[in-house]
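Contents: one structure, followed by commentary.
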RNA sequence: GGAGGGGUGGCUGAGCGGUCGAAAGCGGCGGUCUUGAAAACCGCUGGCCCUUCACGGGGCCCGUGGGUUCGAAUCCCACCCCCUCCGCCA
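In the working numbering, the protein residues as written are 113 to 545.
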C-alpha cells in the first residue's frame, strides 16, 4: 500500500514550506522538487489506467449480458482481451512510479512546529527552565563508573564478558534499585497521571517500526533477530504507538494514555567512542515510556502535560534537572517538537538527557494509519488522523546514575531519596557489600 | 514441529465465477407517531485514491500479495492471523 508520510495536500499546495522545513532540519530541500515530479507522473498514470479500466468493466459486463441472452460474445471478448494487455502495461508503469514515490516519502522527516528554535544543531537548543540546584560536595564527587563497582553493585567487566562492550551486570542493591525505579515510575504514572499500564512484546515486526519511523531509514540502529524476521524494540514507543495501528478510535476514548516498562535495544551505530564508560550509552537499557494518542487540537497541551509527568519523577526523587526545547537541526526524524529533560550528573559535571518528549503530530499516525472518528451532533464525522506523543518517563539506567552520583556521600555510600526507600525494602543507604 | 478448521461492512452472518461493495439481522443516525420516552413504522448508514469550484463522475478494497479467466468474495498458489487436537516447553 502506498502511504504518504507528510501530508500530500501540504506537499502539493505549499511545497515552499516543506522545502524550508527540510533546510532547517539539515535535510535535502531538492527532494521536494523530485516529489512534485513523481506525484505529477503518478496522477497522470492513474488517470490513464482508470480510463481503460472503466472501458474494460463496461465491456465485460456486456459480455455477461450477451451470454445470458445466448448471443455470441466472441467479438466482445477479443476486444476486452486487447484492453487487458494495455492495462497491464500501464499498471506496471504506475507501480514503478508509486514505488519510487513511496520510498522517497518514507525518507522525508516530519516538519518542525513553528515554536521550535531554528538552528543547525544542539547549540541552538533553548533552555526552557532549570529546576533544583546541583548539589555541592565538600569532597570530589565520583562518577558512577567508579562508584558502582566500588559499591559492588555495577560490574562492567562481567557484563562485557557475557555480551561485549556496552552491556552491564547489576548486583544486589544495584539490581534492586533498577527494579525499584521502574516500579516507582509506573506507580506514579498509573496512580497519579492517568496512564494505563501495558506490558507489550519486546520484539516487533518491521511494519511496526515503519509505523513509528525507525524503518526504513534507521535499520542500522536496530537489533534484528534474523532467523525470525523480528526486531528487538529500541523503545516502548514502538509497541505502544502501534497498538492501535489500522484502527479508528472513538473520539470519546481520547486521549489514550499508555505507560510501559520495557528493555530497549539499540545498536548505537555511529556512536563509537562516545560515552564508552559506564551506563550512559548501552546496547540494552531499561525505560519507562509514556505515550498519548490525542486529537490534533489537544496535542500541544498534551505535550506540555506529558513533559510535566516525566519531570515529576525527577521531582519526587529530588534530582536537579533542566528542560530544553530541541532546535530544528537536533529534532528526531518523526518529531515536530521535542523537549529533552536533562538531569544533573555531578560525575560528568554536566546536564545529560534522561528523557525526550515529542509531539509527532500526524506523522506516525499517517504511517501507521492511526485514526479517530470525530464526534458530531449528527453522528457523522469522517475518520481523521490522530496525533501521537511519546516521552521517556524516564530512562531507568540514567536515573540510577543520577541517584548514585547526586546522592553520594563522602564515605562512598549512597543515601537513597526517601521516595525510593519503600521500594528498596526500607533500605536507606547503599554501602559497599 | 505435525494434523485439521476458519478469516466477508461497527457487530452477527448469507453469498450457483457474471447486474455483489456485497442479502438479512443487530447497532447507529434522521423522520413519523408521542406531553416526553419506549415500542412500531419509514428512510439513511464503510474506507482509500483520481477527477471536479461544486453537483457529480471514475477506479480500488470481502485477511495480505500473486495467479487463472473476457469477468473472482467465489477457483489456484504463497504468506499473515485466529481456533481445535497431538508433540514440546517456562
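Cβ atoms here follow ideal geometry from the backbone N, Cα and C, with glycine treated the same way.
All figures in this text were calculated on a predicted structure; none of them were measured in a lab.
Which class does residue 499 belong to by DSSP, given the choice of helix, strand or coil?
The residue labelled residue 499 in the question sits at position 387 within the first chain. In this structure, residue 499 counts as strand in the three-state DSSP scheme.
Measure the alpha-carbon distance for residue 314 versus residue 414 and round it to whole angstroms.
The count along the first chain starts at 1 and reaches residue 314 at position 202. The count along the first chain starts at 1 and reaches residue 414 at position 302. Answer to the nearest angstrom: the Cα atoms are 26 angstroms apart.
List the DSSP bridge partners of residue 398.
Position 286 of the first chain, counted from the first residue, corresponds to residue 398. According to DSSP, residue 398 bridges with 375.
Measure the CB-CB distance between residue 385 and residue 354 and report whether it falls below 8 angstroms.
Counting from 1 along the first chain, the entry for residue 385 is found at position 273. Counting from 1 along the first chain, the entry for residue 354 is found at position 242. No, the Cβ-Cβ distance between residue 385 and residue 354 is not below 8 angstroms.
Roughly how far, in whole angstroms, is the beta-carbon of residue 289 from the beta-carbon of residue 515, given that I think they are within contact range, below 8 angstroms?
Residue numbering aside, residue 289 sits at position 177 when the first chain is read from its first letter. Residue numbering aside, residue 515 sits at position 403 when the first chain is read from its first letter. Yes, residue 289 and residue 515 are in contact; Cβ-Cβ is about 7 angstroms, under 8 angstroms.
For residue 187, does the three-state DSSP call read helix, strand or coil?
Here the question's residue 187 lines up with position 75 in the first chain. Reduced to three states, the DSSP call for residue 187 is helix.
Quick one: using the 10 Å Cβ neighbour count with 16 as the cut-off for buried, is residue 510 buried or exposed?
One-based indexing of the first chain puts residue 510 at position 398. With 16 or more other Cβ atoms within 10 Å, it is buried.
Leaving aside the five residues before and after residue 165 along the sequence, list all residues of the same chain whose C-beta is less than 7 angstroms from its C-beta, in chain order.
To locate residue 165, count along the first chain from 1; it is residue 53. Cβ neighbours of residue 165 beyond the five flanking positions: 199.
What does DSSP give as the partner residue(s) for residue 406 in the beta ladder?
For the purposes of this step, residue 406 is taken as residue 294 along the first chain, with counting starting at 1. Answer is 499.
Determine the burial state of residue 546: buried for a count of at least 16 other Cβ atoms within 10 Å of its Cβ, exposed for fewer.
Any answer about residue 546 is impossible in this case: the structure gives the chain only from 113 up to 545.
Note the first and the last residue of the continuous alpha helix (DSSP H) segment covering residue 134.
Translated into the one-based positions of the first chain, residue 134 becomes position 22. Its alpha helix (DSSP H) spans residues 127-136.
Give the straight-line distance between the Cα atoms of residue 113 and residue 356, rounded to the nearest whole angstrom.
Numbered from 1 along the first chain, position 1 holds the residue referred to as residue 113. Numbered from 1 along the first chain, position 244 holds the residue referred to as residue 356. Low confidence applies to residue 113: its pLDDT is 33, below 50, so where it sits in the model is not reliable, and the reading given next is rough at best. So the alpha carbons of these two residues sit roughly 18 angstroms apart.
Taking the continuous alpha helix (DSSP H) assigned at residue 440, which residues delimit it?
As a working note, residue 440 is residue 328 in the first chain. Residue 440 -> no alpha helix (DSSP H), and no H or E assigned at all.
Starting from residue 99, trace the beta strand (DSSP E) both ways and give me its first and last residue.
This structure cannot speak to residue 99, because the chain is shown only from 113 to 545.
Check whether the Cβ atoms of residue 434 and residue 454 sit closer than 8 angstroms, and answer yes or no.
Within the first chain, the letter at position 322 stands for residue 434. Within the first chain, the letter at position 342 stands for residue 454. Yes, they are a contact pair.
Return helix, strand or coil for residue 149, following the three-state DSSP convention.
Position 37 of the first chain, counted from the start, is the residue given in the question as residue 149. Of the three classes helix, strand and coil, the one that applies to residue 149 here is helix, per DSSP.
Is the beta carbon of residue 124 less than 8 angstroms from the beta carbon of residue 151?
For the purposes of this step, residue 124 is taken as residue 12 along the first chain, with counting starting at 1. For the purposes of this step, residue 151 is taken as residue 39 along the first chain, with counting starting at 1. Yes, the Cβ-Cβ distance between residue 124 and residue 151 is below 8 angstroms.
Pick out the complete beta strand (DSSP E) segments inside the segment 213-295, 3 residues or longer, and give them in chain order.
Listed in chain order, they are 238-243.
For the pair the segment 231-238 and the segment 429-449, tell me if three or more CB-CB distances fall below 8 angstroms.
Counting Cβ pairs under 8 angstroms, three or more are found: they touch.
Among 221, 520, 486, whose alpha-carbon lies nearest the alpha-carbon of residue 365?
In the first chain, residue 365 corresponds to position 253, counting from 1. The shortest Cα separation from residue 365 among 221, 520, 486 belongs to 486.
When you compare only the Cα positions, how much space is there between residue 272 and residue 417?
By 1-based counting over the first chain, the position of residue 272 is 160. By 1-based counting over the first chain, the position of residue 417 is 305. Approximately 39 angstroms between the Cα atoms of the pair.
What whole-angstrom Cβ distance do residue 210 and residue 154 have, given they're in contact under 8 angstroms?
Start at 1 with the first residue of the first chain, and residue 210 comes out as number 98. Start at 1 with the first residue of the first chain, and residue 154 comes out as number 42. Right, the Cβ-Cβ distance comes to about 6 angstroms (below 8 angstroms), so this counts as a contact.
With DSSP run on the structure shown, which of helix, strand or coil describes residue 173?
Looking up residue 173 in the first chain gives position 61. In the structure shown, residue 173 sits in a helix (DSSP, three-state: H, G or I).
In chain order, what are the residue ranges of uninterrupted beta strand (DSSP E) at least 3 long that sit wholly in the segment 332-395?
Counting whole runs of 3 or more residues, the segment 332-395 contains the beta strand (DSSP E) stretches 342-344, 360-362, 368-377.
Considering only the alpha carbon of each residue, which of 500, 469, 465, 463 lies closest to residue 481?
Residue mapping note: residue 481 aligns to position 369 of the first chain, counting from 1. It is 500 whose Cα lies nearest to the Cα of residue 481.
In its own chain, which residues sit with a C-beta less than 7 angstroms from the C-beta of residue 205, not counting the 5 before and 5 after it?
On the first chain, position 93 is the one that residue 205 refers to. Only 157 meet the Cβ criterion.
Going by the CB atoms, is the gap between residue 253 and residue 458 shorter than 8 angstroms?
In the first chain, residue 458 corresponds to position 346, counting from 1. In the first chain, residue 253 corresponds to position 141, counting from 1. Taking 8 angstroms as the Cβ cut-off, residue 458 and residue 253 qualify as a contacting pair.
Could you please give me the residues that DSSP links to residue 449 through a beta bridge?
As a position in the first chain, residue 449 is number 337, starting the count at 1. 471.
Residue 307 lies in the beta strand (DSSP E); which residues open and close that run?
Working through the first chain from its first residue, we reach residue 307 at position 195. Looking at the DSSP string, residue 307 is not in any beta strand (DSSP E), and its letter there is neither H nor E.
Just confirm the distance between the C-beta atoms of residue 542 and residue 526, as a whole number of angstroms; I'd bet it's less than 8 angstroms.
Counting from 1 along the first chain, the entry for residue 542 is found at position 430. Counting from 1 along the first chain, the entry for residue 526 is found at position 414. Residue 542 to residue 526, Cβ: 4 angstroms. Contact.
Tell me the DSSP secondary structure of residue 510 in three-state form.
The residue given as residue 510 occupies position 398 in the first chain. The answer is helix: DSSP assigns residue 510 an H, G or I state.
Between the Cα of residue 360 and the Cα atoms of 403, 399, 407, which residue gives the shortest distance?
Translated into the one-based positions of the first chain, residue 360 becomes position 248. Measuring from the Cα of residue 360, the nearest candidate turns out to be 407.
Exposed or buried, what is residue 491 when buried is set at 16 or more other beta-carbons lying within 10 Å of its beta-carbon?
Taking the first residue of the first chain as 1, we reach residue 491 at position 379. With a pLDDT of only 48 at residue 491, under 50, the local geometry of the prediction cannot be trusted, and the value read off the model is given with reservation. Looking at its Cβ environment, which holds fewer than 16 other Cβ atoms inside 10 Å, residue 491 is exposed.
Between the Cα of residue 311 and those of 374, 216, 184, spot the shortest distance and give me the residue it belongs to.
Looking up residue 311 in the first chain gives position 199. With distances taken between Cα atoms, residue 311 lies closest to 374.
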